[in-house]
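>
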Amino acid sequence: MSQDTFLSVRGLTVEYVTKYETVQAVNGVCLDLSKGQTLGLVGETGAGKTTIARAVTRILQSPPAAVRGGEIFLDGVDLLKLPEREMCHMRGNRISMIFQDPMTALNPVMCVGNQIAEVIRKHDHVSAAAARQQAEMSLELVGIPAQRYGEYPHQFSGGMKQRVVIAAALACGPDLLLADEPTTALDVTIQAQMLDMMHRLHDLKETSTVIITHDMGVVAEMCDYVAVIYAGEIVEYGALEDVFDHAAHPYTVGLFAAIPSMWEDVARLTPIPGQPPDPTALPVGCKFSPRCAYMDGECGARPVEMKTVGPGHTCRCLR
Amino acid sequence: MIRYVFRRLALMIPIIIGVTVLVFTIIWFTPGDAAEVLAGNAPREQVEELRRLMGLDRPYIVQLGDYLYNVFIRHDFGKALVNKTSISADIVMRFPKSLIFAVFGILISVFAGIPLGVYAALHQNKTGDSLATAFSLLFVSTPGFWLALMLVLLFAYRLGWLPPYGMGGVEYWIMPVLANCFHGVAIITRQTRSSMLEVIRSDFVVMARSKGLSEGEVIVRHALPNALIPIIAVAGMNFGGMLGGGLIIEKVFSIPGIGNYLVTAVGQRDFTAVMGGVIITSLFFSLVMLAADLGMAFVDPRVKEQYSTARRRK
Ligand SMILES: Nc1ncnc2c1ncn2[C@@H]1O[C@H](COP(=O)(O)OP(=O)(O)OP(=O)(O)O)[C@@H](O)[C@H]1O
Ligand SMILES: [Mg+2]
């Protein structure tokens, strides 16, 4: 762990244990993020991205979730060992999370303004009136008129709800922002505005940000680093340019081949063949090997380690 | 919202009239009448004479019309056929006792059932939950009168702590209220547990946690208000049930409430007394249901909106 690392996740392993099966959602994930930097976490659905973000915030529902191992350091403090009381001071204040699904993330019987004011009151210890004023400002900031403070989530569109969720997450100016697909429900102009807001917060408070997304455009615009995650494992990690220009892992290459390009005239997109592996029975060796064009006898035999393919650029592939 | 309340109040008029006609009809078709009860073993002609004097020999439709006219136009419940007392006076004397009884019952049910249910939901599948679930299953399926008799056996006869029946100070109320509310506590515990279990898995509860709220704040501010809607519905039904359904328990403990009054009146085939008791009970039942609906609108803005759009549609 280098000196200026702000968030450091070491060997995080999370399982979902139900009566009938055990889902290995996150398997030994390591991430490092310096102050003020932005990391993009990309990967297919079910890869374990949300689980990682929730594990860092320690809001996994347990049971069924169980953190089997690993350490999460924020500013040198191991979050997994922190007493719940101190963790409460962290959440919403120093660490905050933008939830993936705006339709279900807001309390249907509490007016949206109060859902923002609540987090301000909790951490900034201000009067109710002051919190209300700040919450109204937050609403304006995400482009929702302050008069709508007293309305309820069902009176809002999906995109507006997502903006309320963003406003609540940003209200206390967090040091670490975990944004779980923050722009999926937004149209392009609003999306640009939100990204711009995150940029500004970033410059203002040196917020370190983890952006979880499927949108390579968002990654290209926002991120300094990219981690590609597959079946609960990081398969490629590096600076934005390295990963985009010299993708090393066949899965990453496949991901890029599957997005439409503005510049090249590709007749057809190339989807990655096959399905992600069953998370209750993962392959022993490389988890991508069953779908990989370069698969040979070695790949399936034993776990593949991360190997350096360039300065600060690592990849989990034997090739 | 106000308009909605008035509409509901207006709607109660046909409901009460409907209940009146229905109950009147059922009594009319029941064998035996007040004349036979009054006459005892008197010869047939005497019973016929009595029946004629009381107006019980008139056709069904005339008696019904007469009764409806008296109650809804002249606002007069009349006199009891057998005991010759004024029914309004009887009700004024007895109904408050049943009301107090039901109010205590529902208060205890709510204030014990909700915390128990919340506790059970938060400790799902642990010992506390199993105990609470077993408790509620047991008392949901235990008949109130049997419980009442068991309480009497234990606390009045075996231990001698409480008077077995009658009216008086607080000690007379303890057992009847307990016997009356156990069922309510059990039902509300079950309902609270299941709706809490559903709510605490929702994303918005997790989001509330991610804001750094303490577990208590998350439960009280976010989870419980969302779980409350079905609980209010069940509590309303239960309160209504206690109002009228306390009758067997009132009988067991000889409480001179409306339930006891009804049981006696049915035994005497005293239709005016039965009708009076039923009308007043159904009136309050409707009011309680209205209150429950308003309570739901109060906690859930979506329900409230339905009421206002229903109004606009007109
Ligand atoms: N509560 C749960 N119980 C059991 N399994 C779960 C639970 N939540 C998630 N999982 C499983 O864990 C794995 C990772 O899920 P996660 O939500 O982290 O995926 P994700 O990368 O965020 O996907 P998406 O892009 O669709 O949001 C999936 O296989 C999922 O089925
Ligand atoms: Mg997700």
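For the record, the sequence lines run as chains A and B. With our numbering, the residue at position 131 of the first sequence is 131, and numbering never jumps. With the second sequence counted from 1, adding 1000 to any position gets you our numbering. Ideal placement from N, C-alpha and C gives every residue a C-beta, glycine not left out. Everything numeric in this text was worked out from a predicted model, so none of it was measured.
(1) Taking residue 1222 of chain B as the query, report the chain A residues whose CB atoms sit under 8 Å from its CB, ordered along the chain.
(2) Taking Cβ-Cβ distances shorter than 8 Å, what residues in chain A pair up with residue 1204 of chain B?
(3) Quick one: Cα of residue 1272 of chain B to Cα of residue 1242 of chain B, how far?
(4) Let me know the secondary structure DSSP gives residue 12 of chain A once reduced to three states.
(5) Go ahead and label residue 245 of chain A buried or exposed: buried means 16 or more other beta carbons lie within 10 angstroms of its beta carbon, across all protein chains shown.
(6) State the DSSP-derived secondary structure class of residue 300 of chain A, mapped to helix, strand or coil.
(7) Please tell me whether residue 1192 of chain B and residue 1114 of chain B are closer than 8 Å, where the distance is taken between their beta carbons.
(8) In whole angstroms, give me the CA-to-CA distance for residue 164 of chain A and residue 149 of chain A.
(9) Examine ligand 2 and report whether any of its heavy atoms sits within less than 7 Å of the Cβ of residue 49 of chain A.
(10) Does residue 1181 of chain B come out as helix, strand or coil in the three-state DSSP assignment?
(11) Per DSSP, residue 212 of chain A forms a beta bridge with which residues?
(12) Does the region 1007–1021 of chain B come close enough to the region 246–259 of chain A that 3 or more CB-CB pairs lie under 8 Å?
(13) Is the Cβ-Cβ distance between residue 1208 of chain B and residue 1218 of chain B less than 8 Å?
(14) Taking Cβ-Cβ distances below 9 Å as the criterion, which residues of the region 1207–1222 of chain B are in contact with chain A?
(15) Is residue 4 of chain A helix, strand or coil when you go by DSSP?
(16) Which value, in whole angstroms, describes the spacing of the CA atoms of residue 281 of chain A and residue 91 of chain A?
(17) At what residue ranges does the region 1049–1077 of chain B contain a whole run of the beta strand (DSSP E), taking only runs of 3 or more?
(18) Are the C-beta atoms of residue 1230 of chain B and some chain A residue less than 8 Å apart?
(19) Once you ignore the five residues that flank residue 1038 of chain B on each side, which residues in its own chain have a CB closer than 7 Å to its CB?
(20) Would you call residue 1073 of chain B buried or exposed, if buried means 16 or more other Cβ atoms sit within 10 Å of its Cβ?
(21) What residues of chain A sit near residue 1158 of chain B, judged by a beta carbon separation below 8 Å?
(22) For residue 22 of chain A and residue 15 of chain A, what's the separation of their Cα atoms in angstroms?
(23) Could I get the ranges of all uninterrupted alpha helix (DSSP H) runs contained in the region 232–285 of chain A, with 4 residues as the minimum, in chain order?
(24) Under the criterion of a Cβ to heavy atom distance below 7 Å, does residue 100 of chain A qualify as lining ligand 2?
(25) Taking residue 1141 of chain B as part of the alpha helix (DSSP H), name the residues at either end of that continuous run.
(26) Can you check the region 95–141 of chain A for any alpha helix (DSSP H) of at least 4 residues that lies completely inside it and give the ranges in chain order?
Taking the geometry as given:
(1) 107 and 110
(2) 104, 105, 106, 107 and 108
(3) 23 Å
(4) strand
(5) exposed
(6) coil
(7) yes
(8) 10 Å
(9) yes
(10) helix
(11) A:41 and A:180
(12) no
(13) yes
(14) 1207, 1208, 1209, 1210, 1211, 1212, 1213, 1214, 1215, 1217, 1221 and 1222
(15) coil
(16) 33 Å
(17) none
(18) no
(19) 1050 and 1082
(20) exposed
(21) Here the premise fails: no neighbours, minimum Cβ distance about 45 Å.
(22) 7 Å
(23) 240–245 and 250–257
(24) yes
(25) That residue, residue 1141 of chain B, is in no alpha helix (DSSP H); it is neither H nor E in DSSP.
(26) 102–105, 112–124 and 128–141
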